[in-house]
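**Student:** Using this note's numbering, the first residue of the sequence shown is number 488, and each one after it goes up by one. I'd like to ask you about the structure that follows.
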Amino acid sequence: MPDKSLLIALATLMITIPCGYWRESVKRFSLQWFIAVHAAVPLVIIMRRLAEVEWRGVTIAFLVLCYFAGQLIGARLRRSLH
Numbered sequence: 488m489p490d491k492s493l494l495i496a497l498a499t500l501m502i503t504i505p506c507g508y509w510r511e512s513v514k515r516f517s518l519q520w521f522i523a524v525h526a527a528v529p530l531v532i533i534m535r536r537l538a539e540v541e542w543r544g545v546t547i548a549f550l551v552l553c554y555f556a557g558q559l560i561g562a563r564l565r566r567s568l569h
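Here it is in structure tokens:
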């Protein structure tokens, strides 16, 4: 995986941690929950396009993994602090 792809994946992880933190504090399947889950998607797409990272299978899989990992880390962080 090229360096740009790795940086985009790490940025995706960092962006989604606060979203996961927020998601853990709202009612499941509410509008706020939906927004917390999906708010970072446009940012990830914009970053990927600006960095000119191609959509290849391994790139997509790694970005999705980082996205969900960030959500999970944020949610667990919120649980551990409250």
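Using N, Cα and C, we set each Cβ at its ideal position, and we do this for glycine too. As the structure is a computational prediction, the values presented were derived from the model and not from experiment.
Less than 7 Å between the beta carbons of alanine 556 and leucine 497, yes or no?
**Tutor:** Result no, Cβ atoms of alanine 556 and leucine 497 do not sit closer than 7 Å.
**Student:** Could you check how far apart the C-beta atoms of cysteine 506 and glycine 561 are, in whole angstroms? I think they sit under 8 Å.
**Tutor:** Contact holds; Cβ gap of about 6 Å.
**Student:** Can you name the start and end residues of the alpha helix (DSSP H) that serine 567 belongs to?
**Tutor:** Counting along the chain, the alpha helix (DSSP H) containing serine 567 begins and ends at 544-568.
**Student:** Measuring only the C-alpha atoms, how far is threonine 546 from aspartate 490?
**Tutor:** Using only the alpha carbons, I get a separation of about 11 Å.
**Student:** Indicate the three-state DSSP secondary structure (helix, strand or coil) for arginine 510 in the structure shown.
**Tutor:** Three-state result, arginine 510: helix.
**Student:** Does DSSP put valine 528 in a helix, in a strand, or in coil?
**Tutor:** DSSP places valine 528 in helix when its eight states are reduced to three.
**Student:** Do you know how far the Cα of histidine 569 is from the Cα of isoleucine 495?
**Tutor:** Going from the Cα of isoleucine 495 to the Cα of histidine 569 covers about 30 Å.
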